[in-house]
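Undergrad:
Chains as they are written, first to last, in UniProt numbering: chain A, 1 to 265; chain B, 1 to 342.
1. For residue 285 of chain B, does the count of other Cβ atoms within 10 angstroms reach 16, so buried, or fall short, so exposed?
2. Starting from residue 28 of chain A, follow its DSSP beta bridges and name the residues at the other end.
3. Between which two residues does the alpha helix (DSSP H) holding residue 163 of chain B run?
4. Run through chain B and tell me which residues come within less than 8 Å of residue 101 of chain A, C-beta to C-beta.
5. Strictly below 8 Å CB to CB, what residues from chain B border residue 98 of chain A?
6. In the DSSP assignment, find the unbroken beta strand (DSSP E) run with residue 205 of chain A in it and report its ends.
7. What does residue 115 of chain A reach in chain B if we use C-beta pairs closer than 8 Å?
8. Show which residues of chain B have a CB atom less than 7 Å away from the CB atom of residue 65 of chain A.
9. For residue 225 of chain B, which beta-bridge partners are listed by DSSP?
10. Can you tell me which residues form a DSSP beta bridge with residue 173 of chain A?
11. Rounding to the nearest angstrom, what Cα-Cα distance links residue 2 of chain A and residue 205 of chain A in this structure?
12. What are the boundary residues of the beta strand (DSSP E) that residue 68 of chain A is part of?
13. For residue 255 of chain B, which residues of its own chain have a beta-carbon under 6 Å away from its beta-carbon, when the five flanking residues on both sides are left out?
14. Looking only at its chain, what residues have a beta carbon closer than 8 Å to the beta carbon of residue 238 of chain B, apart from the 5 residues adjacent to it on each side?
15. When you compare the CB positions of residue 295 of chain B and residue 201 of chain B, do they come within less than 8 Å of one another, or not?
16. If we require 3 or more residues per run, which beta strand (DSSP E) segments fall completely within the region 73 to 146 of chain A?
17. Thinking just about the alpha-carbon of each residue, which of A:244, A:25 and A:9 is nearest to the one in residue 73 of chain A?
18. The beta strand (DSSP E) that contains residue 180 of chain A, what's its start and end?
19. Between A:24, A:265 and A:236, which has its C-alpha nearest residue 256 of chain A's C-alpha?
20. Any contact of the region 242 to 252 of chain B with the region 201 to 217 of chain B, i.e. 3+ C-beta pairs under 8 Å?
21. With the cut-off set at 8 Å, would you say residue 145 of chain A and residue 174 of chain A are in Cβ contact?
22. Which full runs of the alpha helix (DSSP H) of 4+ residues lie inside the region 14 to 86 of chain B, going along the chain?
23. Along the region 7 to 21 of chain A, what residues have a CB closer than 8 Å to any CB found in chain E?
24. Any idea if residue 5 of chain A is buried or exposed, counting beta-carbon neighbours within 10 angstroms, 16 or more meaning buried?
25. Residue 135 of chain A and residue 148 of chain A: beta carbons closer than 8 Å?
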C-alpha cells in the first residue's frame, strides 16, 4: 500500500494543540499532533480514558477550536470551511442516539441528505437512490420501516452509520462506535467500517477501546499516550512498543506475538 | 425525508371532517336556526334579519377564531416539542401565557390604582389585547436573550417555567389589592373566549397568525434536522441559533396573539400534536404540520360547540372544555403507550 503518497492525503494537522481555553488560562490536553490521514483508510484512535480522544475528535470535526496549530482538509484550512461546506465533506456518528426515537430508520437515514436538499427538504430521485444504497451497504434494508425505539443497540448503530453514508462525505468520524455492543457486534461494526473504507474509498476515523480488534483491522492507528500522539501502521506501532505505553506497565502488558494485552497477576 | 406513505386518505378525512365541524359549529347556538337557513345565509341574504345578523356577525367570526386558535396552538405545540426535545413541552412552557396574564392583570387589576377616568380608558378591549401581546412579547424577549447565552435547551425550558412562577406571584399580589369586580373581570379573561371578536379584530388576529404560520412552514426542514439532536444538526450544516430564534418567534407570534385575543387556552398545544402522532406514524414535519393544523382546528371547533351547550342559554368557559378533553388524552397516552415520544 502506498500510504505516503501525498496526493491522496485528505486530512492533515500541523503542530496541533488541543484543549480548552477559558478567559484566564488554557488547559492543554495534547500537543505536537502531526497527523496525516489518506483516502480509503480505516483509522483507529486509541488511548486510555480521559487522555483526550474525544477532544481530538471534536477538534478535527470543528465542534471546538484548536488552541494552536492548524488542520487541513483537502489542503484547505478547516477554519475557512463553512458549516454547510463541511457537512458535505465530513459526517459524524456520535455516542448519543438521535433525539427523537420516533424516527423510522428510513427517515433517519434520509436526514443524511439534508445538506443537499431544497428549503423544505424534498428528496430528488438521486437522493433516494443514495439512501437505498446506504441501507444496502449497512445491510439494514429490512429494518427501514422500524422506529428507532424498536431497534437493538447494534441495529441502531448500523442505522447511524447508514445515515453518515447517505451524507456522502469523503470522511466519516465515529466516536466510540462499539460501546454497549457485544463481542460479535463489536467485530461486526468494525469489519463493516473496514469494508466501507475499502469499497467506497472513504476515510473512516473512529475512536475505540477495542485495541486488539483495531490492530487486526485498521490501516493506520493513532495512539494517544501521556507523552505523545503517534500515528502509524499497526505493525510498526507494535514493533516500536507503543502499545506498552498505553497503560501502566506493572498492571497491563502488551504481548507482541499474540497482539493482545495481558493482565499481570 | 421520504414520504413513501403520502397519507392521502387520513388527510382527505381530516379536510372533510373540518368542513363538517365548521358547518356544525355555525349551525349550533343558543338561538335555534334551521340548518337550511344557515346554509342559505352563507351565500345569500335571508328573510329573517336577526338570524342573518347572528350568523354573519357572531357565529362566523367565532368559528373562524376557533379555527385559528386550534390550528395555531397545535402548531406552536409541535414546534416547541421538537425544539425542546420534550414531549411535554407546549406553547406555554416558555412563559408566553404567563407573560400575557401578567400584562392583562396589570391593566385590569392595576387600573384601580390609577383610578378615575384613566381606569375606564385602560379597561377597554384593545388595551387588554395590547397588554397581553406586550406581556407575552416581553417574557419571550427575556427567554430569547437567555437562550443566546445558555445553549442548553433544557435550561431554557426551566427558565421559561421560572418566568411563569414570577408572573404568577405578581398576579397574586395585584389581585390581593384589587376589588371584587376587577378580580371577576380578570378571572373571566382567564376562562378564555372565542366569541366577541369583530371582523376587524379578526383581520388583525389573522395577519399576525399568518406571519407565524409562514415562519413555521419555513422551519420545516430545520425541525426535521433537529429531530437528530443539536450536535447532529450542526454536523448537517444547520445554523442552530438562527433556526432556534425563528422557531421561537413563530411560536410566540402564534401563541402570543391567540392568548391576547382568546385568553389562555389550556392543553390544546400539548395534546393536539400527540393525538396527531397516533394517526400519522411519522416524525416528518412536512406531514405533521398540516395534519396538526387540520386536527387542531377540528378539535377547537368541537370544543366550542360543546361549550355552547346546544339548545340552552349557557356558554361554558372554553378553557374548562379544552382541559376536560385534553388532560384525559395526555393521561391515556401515558398509560396506554407507557411513553410519550415526539
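Built from N, CA and C at the ideal position, the CB exists for glycine as well.
TA: Walking through what the data contain:
1. buried
2. A:19
3. 153 to 176
4. 341
5. What residue 98 of chain A touches in chain B: 227, 228, 229 and 232.
6. 203 to 207
7. 236 and 237
8. The contacting residues do not exist; residue 65 of chain A stays about 14 Å from chain B at best.
9. For residue 225 of chain B, which the question treats as bridged, DSSP gives no partner whatsoever.
10. A:92 and A:205
11. Legend: pLDDT at residue 2 of chain A = 44, less than 50; position of this residue unreliable, no value from coordinates given.
12. 68 to 73
13. 76, 91 and 96
14. Same-chain partners within the cutoff: 222, 225 and 226.
15. The Cβ atoms of residue 295 of chain B and residue 201 of chain B do not sit closer than 8 Å to each other.
16. 90 to 93
17. A:9
18. Counting along the chain, residue 180 of chain A falls outside any beta strand (DSSP E), and DSSP gives it neither H nor E.
19. Residue 256 of chain A has its Cα closest to that of A:236, out of A:24, A:265 and A:236.
20. yes
21. Not closer than 8 Å, so no.
22. 35 to 43, 49 to 54 and 60 to 83
23. Given the protein chain composition of this structure (A and B), no chain E is represented.
24. No answer about residue 5 of chain A holds up, because its pLDDT of 47 lies below 50 and its placement is not dependable.
25. no
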